[in-house]
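Quick note on our numbering: the sequence shown kicks off at 169 and runs consecutively.
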Amino acid sequence: MRRFFRKVLRSEKGQGMSEYLIIVALIAIAAIGVVTVFGRDIRELFSGTTDSLAGNQANNTAVKAKVKANKDLKQFGKYNAASGD
Numbered sequence: 169m170r171r172f173f174r175k176v177l178r179s180e181k182g183q184g185m186s187e188y189l190i191i192v193a194l195i196a197i198a199a200i201g202v203v204t205v206f207g208r209d210i211r212e213l214f215s216g217t218t219d220s221l222a223g224n225q226a227n228n229t230a231v232k233a234k235v236k237a238n239k240d241l242k243q244f245g246k247y248n249a250a251s252g253d
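Here you go:
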């Protein structure tokens, strides 16, 4: 009986699971951050894609998403102030 408890206490199976959970949590936090920053652009890109797959005209949505995706930090404030985003 003592051998069983010693074996259970010295087992490292829980360590691997803990490391895996930490990695998954970090990836989830990073994904939430990316979606928060680029959420609107991602939504517009997916909207254009789904419109195209449905056979609808997706030019307007896709162009808007492409323009917004091409902004950089120099024009970020001006772009947002001008468009009201």
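Don't be surprised by glycine CBs; every beta carbon is placed ideally from N, CA and C. These figures come from a predicted structure and were not determined experimentally.
*Where V205 and L194 are concerned, what is the direct C-alpha to C-alpha distance, given to the nearest angstrom?*
Numbered from 1 along the sequence shown, position 37 holds the residue referred to as residue 205. Numbered from 1 along the sequence shown, position 26 holds the residue referred to as residue 194. Across the structure, V205 and L194 are spaced so that their CA atoms are roughly 17 angstroms apart.
*With 16 other CB atoms within 10 Å as the buried threshold, where does E212 fall?*
Position 44 of the sequence shown holds residue 212. By the neighbour-count rule (16 or more Cβ atoms within 10 Å), E212 is buried.
*Assigned exposure category for G216 - 16 Cβ within 10 Å defines buried*: Sequence index remark: in the sequence shown, residue 216 carries index 48 (1-based). Burial call: buried.
*In whole angstroms, what is the alpha-carbon distance linking I200 and D209?*
Locating residue 200 in the sequence shown gives position 32, counting from the first residue. Locating residue 209 in the sequence shown gives position 41, counting from the first residue. In a straight line, the C-alpha of I200 is about 14 angstroms away from that of D209.
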